[in-house]
Every structure is written in C-alpha cells, then in structure tokens.
Amino acid sequence: MFRKKSGLLTVILTASFVMIRTCALANGVKRYDEQKAGANASKAENKSKQKQYSKKRTVRAKAITSVSMGKNLYKQYQCFDCHSIAGKGCKDGMKLDGIGSIRTKEFIREHIVDPDKHFDKHPEAFQVDLNLMPPQQLEPAEVASLVEYLCSLK
214 MFRKKSGLLT VILTASFVMI RTCALANGVK RYDEQKAGAN ASKAENKSKQ KQYSKKRTVR
274 AKAITSVSMG KNLYKQYQCF DCHSIAGKGC KDGMKLDGIG SIRTKEFIRE HIVDPDKHFD
334 KHPEAFQVDL NLMPPQQLEP AEVASLVEYL CSLK
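If you count by our numbering, then the sequence shown holds residues 214 to 367, one letter each, in order.
Right under this line is the structure:
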C-alpha cells in the first residue's frame, strides 16, 4: 500500500512540476540552462562595461590631476609675473583668460617650449614689439600639465 501511495505521490509531483514548468515557459521564464547562459553573457558584458568605466575614470582623474598640476606649475614658475588670469597677475603681459578657446593645445605647447617660434612668424598676433618670454626648461610632463591648465581656461 505504501508503494502505491509513494508511486502516486511521485506521479502527482512530476505532473505538478511539468505543469508549473509549462506555465513558466509560456509566461517567458527561461529554463535554468538558458538563465545560466544569459547570466554568463551578462557577467562578460558587465566586465566590459566596468573596464570602459574604469578607463574613463582614469582619464578623467589624469586630466584633473594634470590641470591642477599645471595650475601649481603656473604659480611655481611665477608665470603671473608676466601674465594675468582673471585680472590676477601682471597687467602688462599677455592675458591668458580664454586662451583655451583661442589657441590649440599644440600651439600652446610649442609656445611654452619655444616662445619665439610663433612670434617670429606672426609678431602682430602678439600685440608687442618684442617677445620677452624666455624659453622654459621644463620636463615633458610639466609642459603637458601647463598646456592642460591653460586649455582649461575657456
């Protein structure tokens, strides 16, 4: 008698499981192996997104660091003795307000490294008769930081 009840219970449970599974599939619920495959794809997609976000964050952090380092170098090398930004510094030298929207990064970099390069070609653009900016002996990273800072002045 127990075997018959046990067998009947197995049949009922199996039938119930089949019905539940059929209803679930009909309502769009995926099978376990499909869910697992989808989860693995999601993990790979997630890792890819995390890498992209991490790269963007690193680039942003470097840019911020570079701009702040450039600002510190501007003060350290006392560029304000000849230049002004937002009315602070020397009023006689070139004003650097908005220089980032007037000049390209390459132009600014070249002008820091070799101030006479552009002055000799276009002295009228500088509104002075003589270029007084001395050549700077800066490390490439310092030049890059100064350029980033000056380009941020828009």
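Backbone N, C-alpha and C define an ideal beta-carbon position, used for all residues, glycine too.
{"Check": "Separation of Q263 from V356, as counted between CA atoms", "Outcome": "32 Å"}
{"Check": "Backbone CA spacing between H404 and Q265 [nearest angstrom]", "Outcome": "With the chain covering only 214 through 367, there is no way to say anything about residue 404."}
{"Check": "Selected residue, minimal CA-CA separation from V360, among P328, V280, C292", "Outcome": "V280"}
{"Check": "Cβ neighbour criterion (16 or more within 10 Å) applied to L222", "Outcome": "exposed"}
{"Check": "Rounded straight-line distance, which links the Cα of E323 to that of C303", "Outcome": "22 Å"}
{"Check": "Distance, S261 Cα to Y287 Cα", "Outcome": "39 Å"}
{"Check": "Rounded separation between I298 and A257 - CA only", "Outcome": "48 Å"}
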